[in-house]
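In the order they appear, the protein sequences are chains R, Z and H.
If you count the first sequence from 1, you need to add 14 to reach our numbering.
If you count the second sequence from 1, you need to add 20 to reach our numbering.
If you count the third sequence from 1, you need to add 662 to reach our numbering.
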Amino acid sequence: MSMKIHIKNGRLIDPKNKIDRIADVYIAAGKVVSISKAPDAFHANREIDAKNLIVCPGLIDLAARLREPGFEYRATLESEMDAAVAGGVTSLVCPPDTDPVLDEPGLVEMLKHRAKSLNQAHVYPLGALTQKLAGKVLTEMAELHDAGCIGFSHADAPLIDTTLLMRAMEYAATFGFTVWLRPQDFFLAQGGVAHDGEVATRLGLAAIPACAETIALSTILYLMRETGARVHICRLSSRDGVELIRQAKAEGLPVTCDISINHAHLCDRDIGYFDANANLMPPLRDQRDRDALRAALSDGAIDALCSDHTPVDEDAKQVPFAEAETGATGLELLLPLTLKWATEQKVPLLDALAKITSEPACILGLSSGHLDIGQTADVCIFDPAAHWRVEAKALKSQGKNTPFLGYEMLGKVRYTLMAGHGVYEG
Amino acid sequence: MKLPDPEQLTQQLAQAIKPRLRSNTVLVGIHTGGAWIAEKVQQQLGGKLPLGTLDISFYRDDFSRIGLHPQVTPSEIPFEVEDAHVILIDDVLHTGRTIRAAMNELYDYGRPAAIELAVLIDRGGRELPIAADIVGARLDLTEDQNIQVTLDPNNKLTLSLHQR
Amino acid sequence: MTPNPQLTDTGALRHLLTIEGLSAKLIHSILDTAESFVSVGEREVKKVPLLRGKSIFNLFFEASTRTRTTFEIAAKRLSADVVNLNVSASSQSKGETLLDTVDNLSAMGADMFVVRHAQSGAAHFIARHVAPHIHVVNAGDGRHAHPTQGLLDMFTIRRFKKDFTQLRVAVVGDVMHSRVARSEIHALTTLGVPEVRVIAPRTLLPKGVESLGVHVFNDMQAGLKDVDVVMMLRLQNERMSGPFLPSAQEYFKYYGLTADKLKLAKPDAIVMHPGPMNRGVEIDSSVADGGQAVILPQVTFGIAVRMAVMSMLAGV
C-alpha cells in the first residue's frame, strides 16, 4: 500500500516513547515515517484532521474470544473483527477454547488465515496447553508455536492434576514459551456463580471464595519457582491475589498479569437484582477487592487491562442468573473503560494508555504497541470527549451482553489504521 | 340546608322497627356508620336482639378500579343467618351498591328468611333497583354534595354536609 | 443496573418477590389485610368474590405439594380460577425456555403467576418480563427468598406475641441453604425485632451472615437462652451427611430442638417450623406436638396471608 497519510493536529500519545504532545504523524508505505516534521517531498494521498482527537498506537487486547471455530451462533469472525477495529483494537489475543480447541497446528493456521484475509486486526492465538484442554496430555507446543501461537493457555478449563501442570510448565519453559493461566481452584469454585461474600449471602447464590484464586495462584507461583517457566496470570480478581503477585514480582519471578475492564470497575453489588450480564468468571468480588485491583493497575503490580471479550447469545443470558452463560462483550468498551479508570484514579493518559498498548506488547514480546519511526502504522485515533450510550445498536459485536448496558461512556474511536490502511471510520 | 338530628332519627328508626320484630329477627349494621346506628337501635330496643356487623370491602364492585382497602374491623356475624329475619341497617342510602354488596356477603353466611332495610338518610341517586323499607329522613342532594355520619367523642351521632 | 421490579413508581406492590425493600408499614398492612381473611376461613362459605374472573397460574418448577396447595386454596377462596402447572426439570431441558413458558401462559390469559423455582432470582427474572398487568408471587426461588412464608411467620408471631420490638428471636438450622431463613431474617429486622439470632454449625452459616443483622451462635444452649420465639429450619436430606454435616444423629444431638433445650428459652416461648418437619432431626416429637408449638396455626395463617398478598397485588 503505497499510500501517504498525514494525520494532522492530533494529540499524539505514545506511552513507550513517553510522548504526549500535539504532533503530526506522517505515514508512508504502511509505516510511520515522521513525527511533527513533514518528510521532504511528502504529498499526502489522505489527510486526517485529528484536531481535538488523540492519536495513539492501535490498542492491543490480551483477551478476546472470536468464537470461531465452532461457536458461530454466538458470533462470527467477521462481526467480532469489525467490533475490534471499531474499538480501536489492532492486535488481539484469542484464547484456545474454541470448538475444536486450538490444539492442532492446522486449526491455528486456518484461524490465522481466516483472520488475515479479513485484513483487520492482527490475531495472536494462544494454543491449548493440553490436548482438548482436558488436562491430561500436553500439546505439541513447539509445532503450535511455529504455526503462530504466541503462548499456551488453559482458558477456563480446569487443570486439576498438579503434576501435569508442573510438567506443562517445564515443557513450555524448555522452549521459552509463556504459559497463560487463570488461577482458580477447581473444587473451591465448583458450582459457584458469585463471590463468597455479603451479596451472595443476601441473594442466595452459590459462591466462590477469594481463596479459590489465591490457593491456585500460590500453586502456580511455587511451580514457577520449580520450573523457571514464564507465566502470564489472566483476569486477577482479588486483593489477596494482588498481594501475591506483588511479592512474586519483588522476588523477581517472570510473572505478568492482567485484569478485565469489568473487574476494574464493578463489584458484586453490581449484580443488583440478579442481572445475568454480571455473571462473569472470575466473579465480580467485593468493593475492597475492586479498589485493590484499580490501585494495583495504577502502581504497576497489574500490568495490563484487557476486554476479556466474550460474546454470548442473547438467549443464554435470558435465564435466571446462575443458569446464564458466563461472560461479557468488551472489545468496544476497552478504550472508554480504560479512560474512565484513568479519570477516576487520576492517572495521566500516557500511563493509562500504556495499559492497553505498550504493556500488552511487552507481555506478548511484540515489537508493536508504539509509534516509533519505521514502526508499522497501526494507529488508533479517538475523541476523548465524545459521549455515547452502551446499547445493543451501538455495538458492532454480536455480543450485546455487558453489565455496562445503559451506561454513558466517554471516548469514541474515530479512525483505526492498520499498516496505514484505514480499517474503521466512525 | 338544615340537617336533621341523627340521634333523633335513630330513635325514629328504632320505633319504626319495633312493630316489625319477629321471633327470628337479627340486626346487622354495615360498617362504619350503619354499625354505630345498629348498636344504638339495639340498645333502644332492649339490648337483647342479636347484633352483627358487616364490612363490605371484599364485596365491593369497584375492586378492579380502586384496589383493596385493608379491612380494619372484620365482619362479625355471631349468629345463624340461615332462616333469620335480618334487618340491615346503614347510615346513608345513595346508589344502592353498598346494599347490594352487603346482601351478597350476607348470603355467604346463610340463606335468610327475609331481609328488610332501614337507613338513617335516603339521599336518592339510585343506580340499582334497591329500596329501603324504613327511612329516617329523605334529603335531596346534588352529585357534588356528600353527606357523612360521624360519632363524636361523647358517643353522639353527628351529620355533616360537604361540597366537593 | 436493573431497577427493583417489585414496587410501582408510587410504592405500591406490583409483585411480591422478596421481603427486602418492603417497609415495616407495608408489611403491617399486609398482615392487617390477612387478619380480615382469617375470619373468612372461619365461616361456612369460605369465599369472597374479590378475584372472580382472574386466572392464577401456579408455576412450580420445583415439586411442592403443601405450598402449592395453600396457594391454590387461597386463590379459590378469592373466587379466582386456578391452573396448576408442575414443570419438571426434564420438560424444561427438552427445549422450551423459561421465558417461552411464561409467554405462552400469559397468552392464555394469566393474571397472576405464583412461581417456585430452583434458581435464586427466578421470580425477579420472570417479573421483569411479564406484561404490566400480570403480577408475580414468589413461592420460593433457590436459596434466595420465600416471602409469603416470611409474612405468615410474622403474622403468627404478631398473633401470639403482639409487639415485635420487645422480642428475642432465634432462627435455628441450615441458614446457608434456606430461603425461608433469609425471608424471616429480613422481616424480623425490618419489623424492629431488637435481637435476631441464628444458631447453626459454621458449615451451615453463609459468609458475612452478620451483615443481614443477626447475632451468630454456634452453641444452641447459649443461643436459646431467654428467647421468645424459636424458628426451626428444615434440614434437607442431602445435607445430613456429606461436606456440611457428618450425620443426622450428631446434628440432632447438638442442634435439634428437644424439650430440655426448649426450657432454656422463655417459659412462654413459641416454637415455629415452616414444614415439612424431620422429626428426630431438627425437632423432637415431644416439642413438635407440645403446647408451645404453633406449627399448625402457621399453616392456617398461611392461607389468609396468601389471600391478602394476592388481593393486594390484583388490586393494583
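We put the beta carbon where it would ideally sit given N, CA and C, even for glycine.
Since the structure is predicted, the reported quantities are computational estimates derived from the model, not experimental observations.
Beta-bridge partners of residue i, as assigned by DSSP
i	result
H/PHE722	H/ASN748, H/ARG778
R/ARG244	R/THR192
Z/GLY72	Z/VAL48
Z/GLN168	Z/SER180
H/LEU669	H/LEU675
R/GLY436	R/LEU431
R/LYS22	R/ASP63
R/TYR40	R/HIS20, R/SER48
R/THR270	R/HIS246
Z/ASP110	Z/VAL139
R/TRP402	R/MET423
Z/ALA157	Z/ILE141
Under 7 Å from the C-beta of residue i: neighbouring residues of chain H
i	result
R/GLU337	GLN781
R/GLU212	GLY870, SER873
Residue span of the beta strand (DSSP E) that contains residue i, given as start and end
i	result
R/PRO71	68 to 71
R/HIS136	136 to 139
H/ALA801	797 to 803
H/MET894	891 to 894
Reference residue i, options the options, closest by Cα
i	options	result
H/ASN800	H/PRO908, H/SER782, H/LEU919, H/GLU912	H/SER782
H/VAL858	H/ALA832, H/VAL837, H/ALA849, H/ASP836	H/ALA832
R/SER167	R/GLY190, R/ILE247, R/THR188, R/PRO114	R/ILE247
H/ASP694	H/PRO929, H/ARG714, H/ARG821, H/SER768	H/ARG821
H/THR680	H/ALA769, H/ALA785, H/LEU747	H/ALA785
R/ILE164	R/SER232, R/LEU378, R/GLU240, R/ALA52	R/LEU378
R/ALA129	R/SER274, R/ARG216, R/GLU94	R/GLU94
H/ASP881	H/ASP890, H/ARG864, H/PRO936	H/ARG864
H/GLU846	H/ARG728, H/LYS687, H/ALA910, H/THR818	H/THR818
H/GLY835	H/THR852, H/LEU760, H/TYR913	H/TYR913
R/GLY120	R/LEU106, R/GLU86, R/LEU158, R/GLN134	R/LEU158
R/PRO296	R/GLU358, R/ASP329, R/ALA433, R/ALA171	R/ALA171
R/PRO268	R/MET183, R/GLY344, R/ALA78, R/GLY341	R/MET183
Z/GLN168	Z/LEU181, Z/LEU23, Z/ASP110, Z/ALA55	Z/LEU181
Z/LEU148	Z/THR162, Z/LEU140, Z/THR115	Z/THR115
Z/THR170	Z/ARG146, Z/GLY53, Z/LEU23	Z/GLY53
H/SER741	Z/ILE107, Z/PRO94, Z/PHE78	Z/PHE78
H/LYS887	H/PHE699, H/ASP930, H/ARG901, H/SER903	H/ASP930
Test: residue i CB closer than 8 Å to a CB of chain Z
i	result
H/SER973	yes
H/LEU669	no
H/SER947	no
H/PRO938	no
Min CB distance residue i to chain H below 8 Å
i	result
Z/GLY130	yes
R/MET15	Caution is warranted here: a pLDDT of 48 is assigned to R/MET15, below 50, making its placement in the model unreliable, and no coordinate value can be reported.
R/ARG216	yes
R/GLN332	yes
Z/LEU78	Here the sequence assigns Phe to residue 78 of chain Z, which means Leu is not the residue at that position. It does: the Cβ of Z/PHE78 has a partner Cβ on chain H nearer than 8 Å.
Z/PRO94	yes
R/GLY255	no
R/LEU219	yes
Beta-carbon neighbours of residue i, restricted to chain H and to distances below 9 Å
i	result
R/GLU227	None at all; the shortest Cβ gap to chain H is about 15 Å.
R/ASP329	THR759, LEU761
Neighbour list for residue i in chain Z, Cβ cutoff strictly below 8 Å
i	result
H/GLY977	PHE83, SER84, ILE86, GLY87, LEU88
Residue i: contacting residues in chain R (beta-carbon distance under 7 Å)
i	result
H/PRO868	THR215
H/ALA784	PRO334
Cβ of residue i within 8 Å of any chain R Cβ
i	result
H/THR759	yes
H/GLY804	yes
H/ARG676	no
H/ARG901	no
H/PHE817	no
Residue i at chain A interface by Cβ criterion, 8 Å
i	result
H/ARG844	Chain labels in this structure do not include chain A; the protein chains are R, Z and H.
Residue span of the alpha helix (DSSP H) that contains residue i, given as start and end
i	result
Z/ILE135	No alpha helix (DSSP H) contains Z/ILE135, which is instead part of the beta strand (DSSP E) from 134 to 142.
H/HIS791	784 to 791
H/HIS848	841 to 852
Listed by chain order, chain R residues near residue i by CB distance under 8 Å
i	result
H/ASN666	TYR287
H/ARG625	Nothing about residue 625 of chain H can be reported from this structure: the residues present for chain H run from 663 to 978 only.
Under 9 Å by beta carbon: chain R residues contacting residue i
i	result
H/PHE699	The contacting residues do not exist; H/PHE699 stays about 29 Å from chain R at best.
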